[in-house]
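Chemist: Protein chains in written order, with the numbering used here: chain A, 524 to 865; chain B, 3 to 256.
Below you will find the structure I want to go over with you.
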Amino acid sequence: MQIIELLTPSYEAAWLPWAVQYFFLIGICATTAIMATAAALAPRGSGMNALLPALIAVLLVSALSAPVSLLADLHQPGRFWHFYAHFTPWSWMSIGAVLLPVFIILSLAFVLAWWLQRTTLLKVTGVLLAMSAASILVYTGAEIMAVRSRPLWSTPFLPVNLALTGWLASIGALLLVARWLPGGLKALPQDTVRKLSLSAVGALIISAGLWVASGLTGYDSSFGAAFELFRTYDVWRFSMFGSAAAGLIILLLLFAPAQRHTAPGYSLLIAGAMLATAWTFRWILFMAVQGVPKYGAGLYLYSMPLGSDGLLGMIGVLGLCIALIAMVSMAYQILRAPVSLR
Amino acid sequence: MMQNKELRRVPQQGKRGFLKGLLGLTASATVIPIHPANASTQPPRRPGMPGKRFGMLVDLRKCIGCQACTVSCSMENLPPIGQFRTTVLQYEVDMPDESAPAMVSLPRLCNHCDNPPCVPVCPVQATFQREDGIVLVDNERCVGCGYCVQACPYDARFINHETQTADKCTFCEHRLEVGLLPACVESCVGGARLIGDLNDPQSLISQTISENQGDIKVLKPGMGTAPHVYYIGMPDAFVDGIDGQASVRLVSDH
Numbered sequence: 524m525q526i527i528e529l530l531t532p533s534y535e536a537a538w539l540p541w542a543v544q545y546f547f548l549i550g551i552c553a554t555t556a557i558m559a560t561a562a563a564l565a566p567r568g569s570g571m572n573a574l575l576p577a578l579i580a581v582l583l584v585s586a587l588s589a590p591v592s593l594l595a596d597l598h599q600p601g602r603f604w605h606f607y608a609h610f611t612p613w614s615w616m617s618i619g620a621v622l623l624p625v626f627i628i629l630s631l632a633f634v635l636a637w638w639l640q641r642t643t644l645l646k647v648t649g650v651l652l653a654m655s656a657a658s659i660l661v662y663t664g665a666e667i668m669a670v671r672s673r674p675l676w677s678t679p680f681l682p683v684n685l686a687l688t689g690w691l692a693s694i695g696a697l698l699l700v701a702r703w704l705p706g707g708l709k710a711l712p713q714d715t716v717r718k719l720s721l722s723a724v725g726a727l728i729i730s731a732g733l734w735v736a737s738g739l740t741g742y743d744s745s746f747g748a749a750f751e752l753f754r755t756y757d758v759w760r761f762s763m764f765g766s767a768a769a770g771l772i773i774l775l776l777l778f779a780p781a782q783r784h785t786a787p788g789y790s791l792l793i794a795g796a797m798l799a800t801a802w803t804f805r806w807i808l809f810m811a812v813q814g815v816p817k818y819g820a821g822l823y824l825y826s827m828p829l830g831s832d833g834l835l836g837m838i839g840v841l842g843l844c845i846a847l848i849a850m851v852s853m854a855y856q857i858l859r860a861p862v863s864l865r
Numbered sequence: 003m004m005q006n007k008e009l010r011r012v013p014q015q016g017k018r019g020f021l022k023g024l025l026g027l028t029a030s031a032t033v034i035p036i037h038p039a040n041a042s043t044q045p046p047r048r049p050g051m052p053g054k055r056f057g058m059l060v061d062l063r064k065c066i067g068c069q070a071c072t073v074s075c076s077m078e079n080l081p082p083i084g085q086f087r088t089t090v091l092q093y094e095v096d097m098p099d100e101s102a103p104a105m106v107s108l109p110r111l112c113n114h115c116d117n118p119p120c121v122p123v124c125p126v127q128a129t130f131q132r133e134d135g136i137v138l139v140d141n142e143r144c145v146g147c148g149y150c151v152q153a154c155p156y157d158a159r160f161i162n163h164e165t166q167t168a169d170k171c172t173f174c175e176h177r178l179e180v181g182l183l184p185a186c187v188e189s190c191v192g193g194a195r196l197i198g199d200l201n202d203p204q205s206l207i208s209q210t211i212s213e214n215q216g217d218i219k220v221l222k223p224g225m226g227t228a229p230h231v232y233y234i235g236m237p238d239a240f241v242d243g244i245d246g247q248a249s250v251r252l253v254s255d256h
């Protein structure tokens, strides 16, 4: 028996590309916050501690740009205050509306404490910030995982993979932004960056392996749903091979001698690969998965609008990030930011 | 297998017979409990029409796919062009034995589930369920986050392009309250759609459901949503989703 659809409506993506940008930036922001806390608590002169100025720059840029994307993903952004007027403790999104401003305020407080060189305040804020960052990783993951109608989202591996790819992207952002900060790439401790990168990639490989194993053993149904898509559609097969290839390329790039990692061109290549992988993961997770019918056959088409709910919006977020990076790096150079803690 | 042979012997049978055949092929058809209320994860319901629990019964044997319901719903509720609170999906079903292909028309609308996944996810409580089972959206409170659209396993919700808020079938509660039938029920030429109070054992819908108990199905029963739109004559292959060939899809302007 073969069923052929003759007449079905077109179901649109309810979450716009803004969601991709938000989850990309907030993933970078939360994981950078945790690394920045580790850097602030690390002994002075250690590799981790030397990363602090660059981590602060990434934290500031992502903390200012992420909420803009989130607001724009609402179809009624002017009603954002309804989140606070009608708090709904059983909805992850409502909980997130409380957790996010706390996290952003703590991020800014942490940056300020660093700028003013208040060591004790920095460490205390750092501990609070790391806890708040963990709450952001939990809420952003749980919010998507709670959607049982989409088998590809409804898996405990989703929050884990969002966090780990966020971590990968934040190391990429670090490598990208450091070149415009005082001291440039040479100020980055090569071994520490490489160790962090390898840990992130290693954790992602383990997580991917566990996901496959959980699917094969029947514990988790999301792998089965994904496998069905890989089997059926070229575009999904391409995305699977693409993900595997991206992981392999990053791994190969990382195995090069440590001193190459902070060479301008090479570090740009690694940074680009890490950022692109994390961004593409989110594009597939949100835009491609929304094209998988909940009931119907085949895939739904998504054609990106050129306006603010599509291409222009995404270019706008990129522009905002570029402007913020320029402002932060100028502030570092003109106002002479502290190189490290006293 | 017997049924398969019979189908082969009578290739020109009508649609009703075909559907019956399909139902017969899968004699282990899912039997649906009518009132499974597992609403522990649901926020409290708001007042509705006292004592009632509305539900709909769609008899696929009577649906001819004329889309009168689609048009009358659109005239009544005025969703933007290209967006629908209810519509009839249409399928061709080809059997391996070269008998004439059958047409299946499947009216779709909000299932007004007893355990609606769209309600608890709403971050501002703009979408809610009434005590009479009707799930509604307060579009003056809705922030248009689209979370409920994602959570609905039935694609029953959409973001209205004009109001930029979540929109869906309301069972025409504004008509029910003044004693009228929903627009889709009123206009159905074959009388395929029945709406009524499931709490009242004497209502036509309750009686029709009990008369056809073995044939009653809902969409995606495995999701545990306890849908309250019931179907008579739905082939098993349509219960959990379509495994088949997609239609030609037009790219939306939006």
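Just so you know, even glycine gets a beta-carbon here, dropped at the ideal spot from N, CA and C.
Quick caveat: nothing in here was measured; it's all calculated off a predicted structure.
Answer with buried or exposed for VAL758/A, where buried requires no fewer than 16 other C-beta atoms within 10 angstroms of its C-beta.
Modeler: With fewer than 16 Cβ atoms within 10 Å of its Cβ, VAL758/A is classed as exposed.
Chemist: Whose CA, out of ASN214/B, ARG132/B, ASP242/B, lies closest to the CA of GLU175/B?
Modeler: For the residues ASN214/B, ARG132/B, ASP242/B, the minimum Cα distance to GLU175/B belongs to ARG132/B.
Chemist: Run through chain B and tell me which residues come within less than 9 Å of PRO705/A, C-beta to C-beta.
Modeler: None at all; the shortest Cβ gap to chain B is about 41 Å.
Chemist: Checking 9 Å against the spacing of the C-beta atoms, do TRP615/A and VAL123/B come in under that value?
Modeler: It is a contact, given that the beta carbons lie within the stated cut-off.
Chemist: With 9 Å set as the bound, which would you pick, yes or no: does the beta-carbon of PRO125/B sit closer than that to a beta-carbon of chain A?
Modeler: It does: the Cβ of PRO125/B has a partner Cβ on chain A nearer than 9 Å.
Chemist: Please list the residues of the segment 651-679 of chain A that have a C-beta atom closer than 9 Å to any C-beta atom in chain B, keeping them in chain order.
Modeler: Per Cβ criterion, the list reads GLU666, ILE667, ALA669, VAL670, ARG671, SER672, ARG673, TRP676.
Chemist: Just to confirm before moving on: does the CB-CB distance between GLU751/A and GLN247/B stay below 9 Å?
Modeler: Going by C-beta atoms, GLU751/A is not nearer than 9 Å to GLN247/B.
Chemist: Give the residues from the segment 524-538 of chain A that approach chain B closer than 8 Å (Cβ to any Cβ), ordered along the chain.
Modeler: Listed by position along the chain: MET524, GLN525, ILE526, ILE527, GLU528, LEU529, LEU530, THR531, PRO532, SER533, TYR534, GLU535, ALA537, TRP538.
Chemist: Below 7 Å CB to CB, which residues in the same chain sit around ALA749/A once its five sequence neighbours on both sides are set aside?
Modeler: Cβ within range, chain order: LEU675.
Chemist: So with Cβ pairs under 9 Å, would you call MET236/B a contact of chain A?
Modeler: Chain A, which has no Cβ nearer than 9 Å to the Cβ of MET236/B, makes this no.
Chemist: How close, in whole Å, do the beta carbons of ALA584/A and ARG805/A come, if the pair is a contact with beta carbons under 8 Å?
Modeler: In the sequence as displayed, the identity of residue 584/A is Val instead of Ala. That belief does not hold up - the Cβ atoms of VAL584/A and ARG805/A are roughly 18 Å apart, past 8 Å.
Chemist: In its own chain, which residues sit with a C-beta less than 6 Å from the C-beta of ALA153/B, not counting the 5 before and 5 after it?
Modeler: Once the five neighbours on either side are set aside, the close Cβ partners of ALA153/B are PRO119, CYS120, VAL123.
Chemist: Measure the alpha-carbon distance for ASP596/A versus LYS64/B and round it to whole angstroms.
Modeler: The straight-line gap from Cα to Cα measures roughly 42 Å.
Chemist: Does the distance from the CB of LEU776/A to the CB of LEU792/A come in under 9 Å?
Modeler: Closer than 9 Å, so yes.
Chemist: Could you tell me which whole beta strand (DSSP E) segments of length 3 or greater appear in the segment 167-234 of chain B?
Modeler: 195-199, 231-234, all fully within the segment 167-234 of chain B.
Chemist: Among the residues of its own chain, which have a CB less than 6 Å from the CB of ALA620/A, if the five just before and after it don't count?
Modeler: For ALA620/A, where only same-chain residues beyond five positions count, the Cβ hits under 6 Å are PHE606.
Chemist: Who are the Cβ neighbours of ARG47/B in its own chain at under 7 Å, not counting the five residues just before and after it?
Modeler: The answer, listed in chain order, is GLN131, ARG132, GLU133.
Chemist: Sorted by chain position, which residues of the same chain lie with C-beta nearer than 6 Å to ALA680/A's C-beta, five sequence neighbours on each side aside?
Modeler: Residue 680/A is actually Phe in this sequence, not Ala. Counting only Cβ-Cβ distances below 6 Å, and skipping sequence neighbours, we find TRP734.
Chemist: State the DSSP-derived secondary structure class of GLU133/B, mapped to helix, strand or coil.
Modeler: In the structure shown, GLU133/B sits in coil (DSSP, three-state: anything other than H, G, I, E or B).
Chemist: So, at 6 Å on beta carbons, what are the nonlocal neighbours of PHE809/A in its own chain, with the 5 sequence-adjacent residues on each side left out?
Modeler: Same-chain partners within the cutoff: TRP538, ALA542, VAL543.
Chemist: Measure from the alpha carbon of LEU80/B to the alpha carbon of each residue in GLU188/B, HIS163/B, GLY198/B, then state which is nearest.
Modeler: Nearest option by C-alpha distance: HIS163/B.
Chemist: Jot down the residue ranges of each uninterrupted alpha helix (DSSP H) in the segment 562-644 of chain A, minimum 4 residues, whole runs only, in chain order.
Modeler: Counting only runs of 4 or more, we get 570-573, 575-596, 605-608, 615-638.
Chemist: Where does ASP96/B fall in DSSP's three states?
Modeler: Three-state result, ASP96/B: strand.
Chemist: By Cβ distance, which residues of its chain are closer than 6 Å to ALA562/A, with the 5 residues on each side in sequence left out?
Modeler: Same-chain partners within the cutoff: MET571, ASN572, LEU574, LEU575, LEU578.
Chemist: Taking 9 Å as the threshold (beta carbon to beta carbon), is GLY67/B in contact with chain A?
Modeler: So yes, GLY67/B belongs to the interface.
Chemist: Would you mind sorting VAL670/A into buried or exposed? The rule is 16 or more other CB atoms within 10 Å of its CB.
Modeler: It counts as buried.
Chemist: At the level of alpha carbons, what is the spacing between THR531/A and GLY84/B?
Modeler: Approximately 11 Å between the Cα atoms of the pair.
Chemist: Compare the C-beta of GLY770/A against all C-beta atoms of chain B and say whether one is closer than 9 Å.
Modeler: No, GLY770/A lies away from the interface with chain B (no Cβ there is under 9 Å from its Cβ).
Chemist: Provide the residue span of the alpha helix (DSSP H) that contains PRO682/A, from first to last.
Modeler: Element bounds for PRO682/A: 680-701.
Chemist: Determine whether the beta carbon atoms of SER101/B and VAL90/B lie at a separation below 9 Å.
Modeler: Result no, Cβ atoms of SER101/B and VAL90/B do not sit closer than 9 Å.
Chemist: Determine whether the Cβ of VAL220/B lies closer than 9 Å to any Cβ atom of chain A.
Modeler: Not closer than 9 Å to any Cβ of chain A, the Cβ of VAL220/B fails to qualify, so no.
Chemist: Would you say GLU213/B faces chain A, with C-beta separation under 9 Å as the test?
Modeler: No, GLU213/B lies away from the interface with chain A (no Cβ there is under 9 Å from its Cβ).
Chemist: Please report the distance separating the alpha-carbon of CYS68/B from that of ARG143/B.
Modeler: Their backbone Cα atoms lie some 36 Å apart in a straight line.
Chemist: Does the beta-carbon of ASP61/B have 16 or more other beta-carbons within 10 angstroms, so that it is buried, or is it exposed?
Modeler: Buried, because 16 or more other Cβ atoms sit within 10 Å of the Cβ of ASP61/B.
Chemist: Looking at the unbroken beta strand (DSSP E) that takes in PHE56/B, where does it start and where does it end?
Modeler: PHE56/B -> beta strand (DSSP E) spans 56-61.
Chemist: Is the Cβ of TYR93/B closer than 9 Å to any Cβ of chain A?
Modeler: With 9 Å as the cut-off, TYR93/B counts as an interface residue toward chain A.
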